[in-house]
Amino acid sequence: LPRIRDFRGLSPKQFDGSGNYTFGLTEQVVFPEIEQDKVDRVRGMDITIVTTAKNDNEGRALLKALGFPFKD
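Here the numbering used here is used: the first residue of the sequence shown is -8, the next is one more, and so on.
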């Protein structure tokens, strides 16, 4: 995620109430495995991280411990 231009961290407001987190990417080229010169058009995607947390606070603590860069 830090490869995204102007990246300032993930919003802590995207939890669903059950500890799961969803965020969107506007370009697939943030992944180093994708060769930019072979991309025919820019595609975005939504990503949902499903956890076993019982609430958003537990989910946030888990993802922070895994290194997810949340905004303060």
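Backbone N, C-alpha and C fix where the C-beta goes; we use that ideal spot for every residue, glycine too.
Quick check on the burial criterion: 16 or more other C-beta atoms within 10 angstroms. Buried or exposed for residue i?
i       : result
ASP31   : exposed
GLY57   : Inspection of the sequence shows that residue 57 is occupied by Leu rather than by Gly. LEU57 comes out exposed.
PHE6    : buried
ASP(-3) : exposed
Within this structure, are the beta carbons of residue i and residue j separated by less than 8 Å?
i     : j     : result
GLY10 : LYS45 : yes
THR13 : THR39 : yes
Please report the straight-line C-alpha distance between residue i and residue j, rounded to a whole angstrom.
i     : j     : result
VAL33 : ILE25 : 12 Å
LEU53 : GLY15 : 20 Å
LYS2  : GLN27 : Looking at the sequence shown, residue 2 is not Lys but Ser. Whole-angstrom Cα-Cα distance: 27 Å.
THR43 : LYS55 : 15 Å
GLU49 : PHE22 : 28 Å
GLY8  : LYS29 : 39 Å
Which residue's Cα is closest to the Cα of residue i: the options?
i     : options                : result
MET36 : THR43, GLN19 and ASN48 : GLN19
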